[in-house]
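S.K.: Here the sequence shown is numbered in this note's numbering, starting from 232 and rising by one per residue.
I'd like to ask some things about the structure below.
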Amino acid sequence: GMHKEGRFLIILPSTTRNKAMKLLERLDNFAKSNSITLESVTHKLRIRGGIGSTSDAGVMDARSLLREAQKRLGKDG
232 GMHKEGRFLI ILPSTTRNKA MKLLERLDNF AKSNSITLES VTHKLRIRGG
282 IGSTSDAGVM DARSLLREAQ KRLGKDG
């Protein structure tokens, strides 16, 4: 669901970090290969992501899971 303006969360229960990274890559490849035209202006999209896991050190609840994903945003995506 939508987290903040222009930012969305995807929660993937029982999904490994590797599978989540592959999904992120597939979503980004799809977005890059499909542009959007609004009011005669064509826009290319990018999808970036940070992947947090309940197995990450220090993750004890939803808030710390989100914080971990945000930290990794620049590293993973």
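The beta-carbon is built from N, C-alpha and C at its ideal position, and this holds for glycine as well.
What separation, rounded to the nearest whole angstrom, lies between the Cα atoms of residue 275 and residue 244?
M.R.: Straight-line Cα distance between these residues: approximately 30 Å.
S.K.: Going by DSSP, name the residue or residues bridged to residue 269.
M.R.: Residue 269 pairs with 272.
S.K.: Within the chosen definition, does the segment 292-302 reach the segment 257-274 through at least 3 CB pairs nearer than 8 Å?
M.R.: Result no; under three Cβ-Cβ pairs closer than 8 Å.
S.K.: Skipping 5 residues on each side, what residues in its chain have a beta carbon closer than 7 Å to that of residue 248?
M.R.: Excluding sequence neighbours, residue 248 sits near 282, 284.
S.K.: What is the rounded straight-line gap between the Cα of residue 251 and the Cα of residue 304?
M.R.: If you take the alpha carbons of residue 251 and residue 304, they lie about 13 Å apart.
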